[in-house]
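Novice: The structure's right below; bear with me while I get my questions together.
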Amino acid sequence: MVPINAVFVLGILLFFLGLFGVLFRKNLIVMLMSLELLLNGANVLLVGLGFHLRSPRGSIFALFVILMAVAEAAVGFALVLSYFRQKRTYDIDKLNELKG
Amino acid sequence: MFALIPLFPLIGALANGLLGARVFSRKGVQAVAVGSVGLSFLASAASFVKLLGGSGEAAVARLFTWIPPSPVPLAGGRTAAFSVELAFRYDSLAAVMTLVVTGVGLLIHVYSVGYMAHDRGYARFFAYLNLFTFAMLVLVLGANLAVLFIGWEGVGLCSYLLIGFWFTKESAASAGKKAFLTNRVGDFGFILGVGILLFVLGTVDLADINRLVEAGAMSPGLATAAALLLFFGATGKSAQIPLYTWLPDAMEGPTPVSALIHAATMVTAGVYMVARLHPLFTFSGFALDVIALVGAGTAVYAATMALVQFDIKRVLAYSTISQIGYMFLGLGSGAYAAGVFHLMTHAFFKGLLFLAAGSVIHALSGEQDMRKMGGLRSRIPTTYRVFLVGALAIAGVPGLSGFFSKDEILAAAFASGQTAAWALGVAGAGLTAFYIFRLIFMTFYGPERMDVETRGHVHESPPVMTVPLQILAGLSALGGFVGLPHLLGGGAWFGKFLASSTGLHEGHLAPGTEALLMALSVGVGLAGIYGAYAVYVRRGGAPAGWMKAKFRAAYRLVSGKYFVDEFYDRVVGGGVLKLGRLATAFDLKVIDGLVNGAAALSRTVSRLSMFFDAKVVDGAVDGVGTVHRAASRLLRRVQTGYVYNYALAIVSGLVIILALVVSVF
Numbered sequence: 001m002v003p004i005n006a007v008f009v010l011g012i013l014l015f016f017l018g019l020f021g022v023l024f025r026k027n028l029i030v031m032l033m034s035l036e037l038l039l040n041g042a043n044v045l046l047v048g049l050g051f052h053l054r055s056p057r058g059s060i061f062a063l064f065v066i067l068m069a070v071a072e073a074a075v076g077f078a079l080v081l082s083y084f085r086q087k088r089t090y091d092i093d094k095l096n097e098l099k100g
Numbered sequence: 101m102f103a104l105i106p107l108f109p110l111i112g113a114l115a116n117g118l119l120g121a122r123v124f125s126r127k128g129v130q131a132v133a134v135g136s137v138g139l140s141f142l143a144s145a146a147s148f149v150k151l152l153g154g155s156g157e158a159a160v161a162r163l164f165t166w167i168p169p170s171p172v173p174l175a176g177g178r179t180a181a182f183s184v185e186l187a188f189r190y191d192s193l194a195a196v197m198t199l200v201v202t203g204v205g206l207l208i209h210v211y212s213v214g215y216m217a218h219d220r221g222y223a224r225f226f227a228y229l230n231l232f233t234f235a236m237l238v239l240v241l242g243a244n245l246a247v248l249f250i251g252w253e254g255v256g257l258c259s260y261l262l263i264g265f266w267f268t269k270e271s272a273a274s275a276g277k278k279a280f281l282t283n284r285v286g287d288f289g290f291i292l293g294v295g296i297l298l299f300v301l302g303t304v305d306l307a308d309i310n311r312l313v314e315a316g317a318m319s320p321g322l323a324t325a326a327a328l329l330l331f332f333g334a335t336g337k338s339a340q341i342p343l344y345t346w347l348p349d350a351m352e353g354p355t356p357v358s359a360l361i362h363a364a365t366m367v368t369a370g371v372y373m374v375a376r377l378h379p380l381f382t383f384s385g386f387a388l389d390v391i392a393l394v395g396a397g398t399a400v401y402a403a404t405m406a407l408v409q410f411d412i413k414r415v416l417a418y419s420t421i422s423q424i425g426y427m428f429l430g431l432g433s434g435a436y437a438a439g440v441f442h443l444m445t446h447a448f449f450k451g452l453l454f455l456a457a458g459s460v461i462h463a464l465s466g467e468q469d470m471r472k473m474g475g476l477r478s479r480i481p482t483t484y485r486v487f488l489v490g491a492l493a494i495a496g497v498p499g500l501s502g503f504f505s506k507d508e509i510l511a512a513a514f515a516s517g518q519t520a521a522w523a524l525g526v527a528g529a530g531l532t533a534f535y536i537f538r539l540i541f542m543t544f545y546g547p548e549r550m551d552v553e554t555r556g557h558v559h560e561s562p563p564v565m566t567v568p569l570q571i572l573a574g575l576s577a578l579g580g581f582v583g584l585p586h587l588l589g590g591g592a593w594f595g596k597f598l599a600s601s602t603g604l605h606e607g608h609l610a611p612g613t614e615a616l617l618m619a620l621s622v623g624v625g626l627a628g629i630y631g632a633y634a635v636y637v638r639r640g641g642a643p644a645g646w647m648k649a650k651f652r653a654a655y656r657l658v659s660g661k662y663f664v665d666e667f668y669d670r671v672v673g674g675g676v677l678k679l680g681r682l683a684t685a686f687d688l689k690v691i692d693g694l695v696n697g698a699a700a701l702s703r704t705v706s707r708l709s710m711f712f713d714a715k716v717v718d719g720a721v722d723g724v725g726t727v728h729r730a731a732s733r734l735l736r737r738v739q740t741g742y743v744y745n746y747a748l749a750i751v752s753g754l755v756i757i758l759a760l761v762v763s764v765f
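Just so you know, the protein sequences line up as chains B and U, in that order. Counting in the working numbering, the first sequence runs from 1 upward without gaps. Counting in the working numbering, the second sequence runs from 101 upward without gaps.
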């Protein structure tokens with residue numbers, strides 16, 4: 001039996017690791033990967049808490065999130081690929097056409 | 101009945117004027133024009149027969165009330181109910197005038213059919229001619245001065261239209277203008293005269309005016325003023341001194357026009373008007389004296405100018421002025437019937453002379469200069485014969501119409517004590533005979549002086565022209581017998597017939613004196629004819645040079661037409677020009693100054709407005725833009741374009757919201 005605190009620590013660690021990656025990494029692919037990490041952090045919490053509370057809802061939600069993450073990853077990588085075809089780079093700093 | 105007389109020409113004028121050129125053929129135009137005047141002549145003749153058969157009283161036809169009775173203030177604080185009816189009045193004077201106008205008019209219409217045959221403005225010509233006949237008939241039939249004035253102006257208008265008939269020729273157009281403007285000067289006097297009569301008598305009805313004047317309703321001074329003003333109007337219409345200058349220039353019109361308007365009818369309108377208002381002129385003895393002197397003066401003065409003209413029509417034009425002078429001499433001597441008698445005979449023989457001159461011009465393909473004529477006697481014999489009849493009539497050869505009428509005038513002038521006027525008249529008779537036979541000899545006698553081209557084309561006019569000429573020749577020869585004086589076994593029927601309109605003139609001459617005067621004027625006339633013969637036939641050679649060589653200074657003066665045209669040009673025209681220049685200066689300085697000032701003012705105002713617009717309004721608009729730009733310059737720093745900045749913002753926002761949610765629950 002895994003203690004609930006371990007679940008919290010793992011989930012929150014994964015989430016902030018992901019958040020950090022999204023905010024501060026400059027490579028688009030790494031950012032997308034960090035996003036997966038972030039989502040999975042949330043998933044760990046959902047599943048862990050659902051198990052702890054003897055409720056299936058956590059797992060159901062986690063399944064929804066995974067599904068959404070798949071869709072997000074598909075669209076996201078398609079965008080990254082087309083961006084790369086135009087700019088020949090994955091550097092996020094070059095993606096600043098919206099600068100006012 | 102007699103109200104129909106002016107109706108037919110009006111219908112003819114409208115039909116030909118409105119439809120003529122488009123709807124009718126040339127034959128149709130002829131039929132309408134000649135037919136309408138013919139019907140009018142028949143109506144005149146029928147009315148005349150009725151007048152002879154009746155009591156001789158004047159008949160009045162009221163068509164409608166033109167100006168309904170309304171009170172007008174008169175001189176001396178009185179008021180009168182003033183009304184004008186559109187009415188015609190037919191009496192013996194109107195009978196004579198309508199017969200002359202429609203009779204001679206009909207012959208001239210027929211003649212025009214031939215004379216104008218090749219003209220492009222055929223329908224227009226006949227429309228004008230009919231309109232003229234209508235206006236002239238309104239003039240002589242009008243029962244009051246207002247209706248008379250319609251006709252008076254109407255004939256002036258038609259005269260203008262017909263003088264300028266060939267309006268593409270500049271001299272014709274300006275001659276028309278000159279005639280019209282000169283007539284307007286006279287009309288000014290005429291209107292003032294009518295105004296005085298209206299102001300004093302409160303009526304414009306001719307019969308009422310005559311009745312009131314005879315009853316002494318007018319002071320002699322006012323009567324003289326009115327009479328002289330009316331006579332001034334007559335000098336314009338009838339081409340007397342000082343307003344005669346338009347008539348010679350009026351010869352620019354087609355020859356039938358010269359015959360109808362500027363010889364037989366319109367120019368005698370002044371004579372008719374004076375005869376019509378004779379009680380007024382008799383009442384003011386002074387006006388009569390003026391008329392007699394002006395008439396006699398014009399008779400001689402115009403005759404001298406006729407002596408030196410080379411244009412065949414201009415000779416006749418000056419002759420017309422001179423002959424109308426005789427008519428006025430008759431009127432001024434109190435012999436109104438004699439003046440009208442001469443009016444009638446003059447209509448015959450001067451109409452004849454003009455039409456015959458037209459026939460000569462026609463034969464010579466348009467040549468009017470007598471220096472390029474000569475020897476036409478055998479080439480156009482019919483024209484020559486009728487021309488000779490007319491010349492003998494105007495020269496006063498016994499037995500022809502001009503003799504009787506001119507003699508009656510001269511006898512009346514002598515009898516009324518106008519000795520100076522009478523002497524001028526006798527001298528004029530000699531000049532008349534001289535210039536008319538100068539014309540005959542230069543045109544029909546001597547060598548042929550036209551160029552070869554023209555000489556080959558000389559031809560007698562067609563019957564449509566020569567038949568009216570022959571009828572007029574018959575009238576010129578025999579027309580005088582209606583006024584055959586007692587001395588020669590006649591009854592002076594013409595004067596008696598007119599007595600109901602113009603009063604009977606009592607000649608106080610002893611038969612011996614009358615015979616002596618007659619012999620004298622005949623002698624002077626024959627001397628004139630002989631003089632012309634001596635100079636222009638017996639001497640032979642070039643006819644142009646004789647007078648010029650003999651009387652150098654006088655010739656210059658006379659052939660320059662006494663430089664009256666130049667005088668009018670300089671004084672009247674120059675005065676008007678000077679006035680115009682003054683007006684121009686005023687216009688340029690004052691009016692234009694005002695306009696320019698207004699423009700400058702509005703320019704200044706608009707410059708201010710522009711300044712306001714540019715600085716204030718545009719400034720406000722630009723200011724809004726500037727403020728926005730400045731604000732957005734600050735704000736756009738936020739939009740870095742770096743994705744992680746936006747992500748950070750999202751996360752911070754999320755954290756804040758979460759914090760809020762947590763703190764609230």
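Ideal Cβ positions, reconstructed from N, Cα and C, are used throughout, including at glycine.
Name the chain C residues that come within less than 8 Å of U/Thr-726, Cβ to Cβ?
Specialist: Absent from the structure is chain C; the protein chains it does hold are B and U.
Novice: Mind checking whether B/Val-22 and B/Leu-35 have CB atoms under 7 Å apart?
Specialist: Going by beta carbons, B/Val-22 and B/Leu-35 fall inside the 7 Å limit.
Novice: Which residues of chain U have a Cβ atom closer than 9 Å to the Cβ of B/Lys-99, listed in chain order?
Specialist: What B/Lys-99 touches in chain U, judged by beta-carbon distance under 9 Å, is Arg-736, Gln-739, Thr-740, Gly-741 and Tyr-742, going in chain order.
Novice: Is U/Thr-165 helix, strand or coil when you go by DSSP?
Specialist: DSSP, read as helix, strand or coil, puts U/Thr-165 in strand.
Novice: How long is the line joining the alpha carbons of U/Ala-375 and U/Tyr-436, rounded to whole angstroms?
Specialist: 6 Å
Novice: Would you identify the three-state DSSP class for U/Pro-498, choosing helix, strand or coil?
Specialist: coil
Novice: How many whole angstroms separate the CB atoms of U/His-349 and U/Ala-275, which I take to be in contact at a CB cut-off of 8 Å?
Specialist: The question names His, but residue 349 of chain U is Asp in the sequence shown. Going by Cβ atoms, the distance from U/Asp-349 to U/Ala-275 rounds to 4 Å, so yes, they are a contact pair.
Novice: Give the straight-line distance between the Cα atoms of U/Gln-340 and U/Leu-107, rounded to the nearest whole angstrom.
Specialist: Going by the C-alpha atoms only, they are around 31 Å apart.
Novice: Which chain U residues are close to B/Val-22, counting only those with a beta carbon under 7 Å from its beta carbon?
Specialist: Ala-747
Novice: Helix or strand or just coil, what does DSSP make of U/Ala-180?
Specialist: strand
Novice: In the DSSP assignment, find the unbroken alpha helix (DSSP H) run with U/Asn-745 in it and report its ends.
Specialist: Judged by DSSP secondary structure, U/Asn-745 falls within the alpha helix (DSSP H) whose first and last residues are 743-764.
Novice: Looking at the strands, I want to know which residues DSSP matches up with U/Gly-242.
Specialist: U/Phe-188
Novice: Fully enclosed by the stretch 547-573 of chain U, which alpha helix (DSSP H) runs are 4 residues long or longer?
Specialist: For the stretch 547-573 of chain U, whole alpha helix (DSSP H) runs of length 4 or above, ordered along the chain, are 552-557.
Novice: Taking its Cβ as the centre, do 16 or more other Cβ atoms sit within 10 Å of U/Ser-212, making it buried, or is it exposed?
Specialist: buried
Novice: Using only the alpha-carbon positions, how far apart do U/Ala-161 and U/Ala-369 sit?
Specialist: 21 Å
Novice: Nearest chain U C-beta to B/Ile-92 closer than 7 Å, yes or no?
Specialist: So, interface residue.
Novice: Using the beta-carbon of each residue, which ones in chain B are nearer than 9 Å to U/Val-761?
Specialist: Within 9 Å Cβ-Cβ: nothing; U/Val-761 doesn't reach chain B, min ~17 Å.
Novice: CA-CA distance, U/Ala-273 and U/Tyr-344?
Specialist: 18 Å
Novice: Quick one: is B/Leu-174 near chain U, going by C-beta distance under 7 Å?
Specialist: The structure shown has nothing for residue 174 of chain B, since chain B only spans 1 to 100.
Novice: Does the beta-carbon of U/Gly-321 have 16 or more other beta-carbons within 10 angstroms, so that it is buried, or is it exposed?
Specialist: So U/Gly-321 counts as exposed.
Novice: Do U/Ala-279 and U/Trp-346 have their beta-carbon atoms positioned less than 7 Å apart in this structure?
Specialist: yes
Novice: How would you label B/Gln-86, buried or exposed, when you count the other beta carbons within 10 angstroms and need 16 or more for buried?
Specialist: exposed
Novice: Taking U/Val-658 as part of the alpha helix (DSSP H), name the residues at either end of that continuous run.
Specialist: 652-659
Novice: Who are the neighbours of B/Asn-96 on chain U, taking C-beta pairs under 9 Å?
Specialist: Going along chain U in sequence order, the residues near B/Asn-96 (Cβ under 9 Å) are Thr-740, Gly-741, Tyr-742 and Val-743.
Novice: Report the neighbours of U/Val-751 on chain B: residues whose CB is nearer than 8 Å to its CB, in chain order.
Specialist: Leu-19 and Leu-23
Novice: Can you grab the Cα-Cα spacing for the pair B/Ala-42 / U/Ile-750, in whole Å?
Specialist: 18 Å
Novice: Let me check one thing: in DSSP terms, what residues is U/Ala-159 bridge-paired to?
Specialist: Looking at the DSSP assignment, U/Ala-159 forms a beta bridge with U/Tyr-190.
Novice: Could you tell me the distance, in whole angstroms, from the CA atom of U/Val-635 to the CA atom of U/Met-470?
Specialist: 15 Å
Novice: Are U/Ile-291 and U/Ala-325 touching if we call contact CB-CB under 7 Å?
Specialist: no
Novice: Tell me whether U/Val-582 counts as near the ligand SAH, meaning its Cβ is closer than 6 Å to at least one heavy atom of that ligand.
Specialist: Questions concerning the ligand SAH fall outside what the structure shown contains, since it holds no ligand whatsoever.
Novice: Could you check if U/Gly-697 is buried or exposed, using at least 16 other CB atoms within 10 Å of its CB as the buried criterion?
Specialist: exposed
Novice: Kindly give me the distance between the Cβ atoms of U/Tyr-215 and U/Gly-580, rounded to whole angstroms, as I take these residues to be in contact under 8 Å.
Specialist: Incorrect: roughly 27 Å between the Cβ atoms, too far for contact.
Novice: Please classify U/Ser-459: does DSSP put it in a helix, a strand, or coil?
Specialist: helix
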